[in-house]
Amino acid sequence: MMGKYGKPDARLRNGHDGLMALCLKMSVKLRNAAVRDPSKSAELRKSGYRALGNNTDMADANGHAAKSQTGFWALSEGEIAGLQRLIVLILIASPAVFFITAGSIGVKVFWALVIAYVVFGSRAPWPSLRSVGLWAALSIPVLAYFYVLSNGFYGTFFDWRKSEWLLYMLAETEWPQAESDTVILRYYFGAYVFPALTNALLGLGQPQIAFWIFFGMFFALAVLVISTGRQLLLSVVFFSFFSGFDVIGSLLLDDKFYIGKHIEWWTGWGAIQFSSFGTNILWVPQHFMPALFAVALVLPGGQFRYRGLHAIGMAALPFWSPMVFLAAVLCLLPIVLLRAENGVLKHFRTAWLDYVLGVIVFAALYAYISMSLEQTTGWSVNGFSTTLLLFFVLEAGVLLGAMLLISKKFEAVDWTTLGTLTGCLMFITLVRFGTGNDLAMRSSSLALLLLAVLFLKHLPGAGTAWFPGAKVIVVVCLLVGAGTSGFEYYRQGVLERTSPHPFPKTYEEMERYHRGPWYWQYHAEKSTISRLLFGDRG
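Under the working numbering, the first residue of the sequence shown carries the number 25, and numbering increases by one thereafter.
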């Protein structure tokens, strides 16, 4: 069975017996490693080698295998792929339910076909009973955890009036909701469709309760895929506190700093902000949810895995959050293209239908989201300043440096992911879209999630830091950053009201709650596009 120099003979190399070839390669590698360094033999046996699933997969560059997971929460490759398929279904089901309910006949048929393909047409595996059980088991403590952090599943900040109003309108009125004969409600409803539908069917009264339940479950699903294994419960806490050095920036530039203040505007009110994960969870979970799902589709367990089916899920992101979709283009698309090396065209040929459907889904959703965008002023440049430089250093630069501090073996660093997320953060620091700073606030969440994944991947490793105290320094940095999220949870749980508040149910109440003209953000004038999408109601 063995050829010269300990290599498999021609029959095995030609693939007549793939399984035996794989075992033989492994044994040869183990033997050679043991000869060079006997201590590595047991380590290699532990890690093993992974074969690619099917020809619609893209794995790590050069086919490198991930370390095998151990423990109760560990997932196999097939279980991860199954949960990723479930994530794709969730991402695509939200716009599908919306347009099948509200759309014209042609639109209804299209979205029904897309759902049918994801459910019946893809070769990707479905979640196993065990993986669904683990998701359910994780959802219980996560929901309890968020119940405490959110002070009882409701929001006290004025931005939540908008979310409550949207949930109420979706739950109590016909889709698409029309203010008049010329104006319809147009918004990225991705995170709102499921709780609004549940609220309408069950009559929960407070639509926010249903929203938080879905958010907690989806958060648990994403974290289970992103960080399987013994770090899982730590990851739940890590993904709810990760942040840059807003505390330091506020101490340096804000002369009215105090415990419990919203400190992320330390560069000036509304100037620029990279939202902490605590801020994302309490203020804008509708944006944080798709960012978590997007990362889970590309970097499960901190390792690159990608299927053609995931393109359909990514194409649905504009319906969940246009700014997160832009971050996915800036961060995740380069990762897919660079990691695939020379296999992009081959991968496209084997999964061409997934990509074609993805392009059509994106075009349909872009037509809907881009209706009546007069509220924006297009692209502009923030302009360089020492304050902006200090902002980038404290919000991203320190964390990037800490990441390298615990990675002495540079070849072990995921330079592709680190480089793309750094480029994305630099871009959204220098460039603005529209009149506010929403581009930086929302797009940064996905890039910082990628950085958090790298920390979870490298921090537990032993012997990789540059000097003995490096890990202590990095942990201190992470704790200082976590202070920003801590401030937000303190505001929500202690300083703000501790009883449920009434939510707006009419246009007049919404305008009063939102402190001035607001409808341009969520409405579009009826047009040819709206009539194509919604028929007579458009």
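Beta carbons: idealized from backbone N, C-alpha and C, even for Gly.
Bear in mind that the values here come from a model prediction, so they are computed numbers and not experimental data.
Open item on the list: What does the alpha-carbon distance come out to for the pair W439 and W135?
Closed with: 38 Å
- prompt: Anyone know if the C-beta pair for P342 and F386 falls short of 8 Å?
  reply: yes
Check your understanding: Can you round the beta-carbon distance between L333 and V112 to whole angstroms, since I take them to be within the 8 Å contact cut?
Key -> 6 Å
So N304 packs on S469, CB below 8 Å; how close in whole Å?
5 Å
Original post:
Could you check where the beta strand (DSSP E) with F457 kicks off and where it finishes?
Top reply: V455 to F457
State yes or no: is the C-beta of L248 within less than 8 Å of the C-beta of W159?
yes
request  = Quick one: residues in its chain with C-beta nearer than 6 Å to the C-beta of F170, no 5 flanking neighbours on either side, listed in chain order?
outcome  = G240
With DSSP as the reference, please indicate the residues paired to S404 in a beta bridge.
R456
Taking F266 and L472 to be in contact with their CB atoms under 8 Å, please state how far apart those CB atoms are, rounded to whole angstroms. 7 Å
Practice problem: Assuming W344 and P314 form a contact by the criterion Cβ under 8 Å, report the distance between their Cβ atoms to the nearest whole angstrom. | Solution: 4 Å
Give me whichever residues DSSP pairs with I208 in a beta bridge. A202 and A548
For Y330 and T444, I'd like the C-alpha separation in whole angstroms. 17 Å
Quiz item: Is it true that the CB of L191 sits closer than 8 Å to the CB of N223?
Solution: yes
**Request:** Closer than 8 Å by C-beta to I129: which residues in its own chain qualify, once you throw out the five before and the five after it? Chain order, please.
**Result:** G559
**Report entry** With 16 other Cβ atoms within 10 Å as the buried cut-off, status of P165
**Finding:** exposed
Using 8 Å as the threshold, is the C-beta distance between I287 and D270 below it? yes
Tell me whether R147 sits in a helix, a strand or coil according to DSSP, three-state version. coil
Secondary structure of R561, DSSP reduced to three states: helix
ask   = Between which two residues does the alpha helix (DSSP H) harbouring S468 extend?
value = D462 to H482
Q. Between the beta-carbon of L429 and the beta-carbon of I497, is there less than 8 Å?
A. yes
**Asked** Among G510, Y216, S509 and A335, which one has its Cα closest to the Cα of F122?
**Response** Y216
Boundaries (first-last residue) of the alpha helix (DSSP H) holding D183
D183 to E196
Do you know offhand how far N175's Cα is from Q516's? 6 Å
Query raised in the report: Excluding the five sequence neighbours on either side, which residues of its own chain have a C-beta within less than 6 Å of the C-beta of A220, listed in chain order?
Result: L191, L194 and A195
Original post:
How many Å lie between L362 and F243 at the Cα?
Top reply: 28 Å
(Q) According to DSSP, is V437 part of a helix, a strand, or is it coil? (A) coil
Checking 8 Å against the spacing of the C-beta atoms, do S152 and R109 come in under that value? no
Rounded Cβ spacing between F298 and G268 (contact assumed at less than 8 Å): 6 Å
TODO: Just mark S300 as buried or exposed, buried being the case when its beta carbon has 16 or more other beta carbons within 10 Å.
DONE: buried
Requested in this report: Note down the Cα distance separating D462 from M347, rounded to an integer number of angstroms.
Outcome: 8 Å
Close Cβ partners of S155 (< 7 Å) along its chain, the five nearest in sequence each way excluded = L99, E103, G106 and L107
- request: Return helix, strand or coil for Q232, following the three-state DSSP convention.
  value: helix
**Asked** Taking V322 as the reference, which of V353, G562 and W236 has the closest Cα?
**Response** V353
Quick one: give me the first and last residue of the alpha helix (DSSP H) that S274 is part of. D270 to L277
Checklist entry - When you compare only the Cα positions, how much space is there between T125 and G337? => result 20 Å
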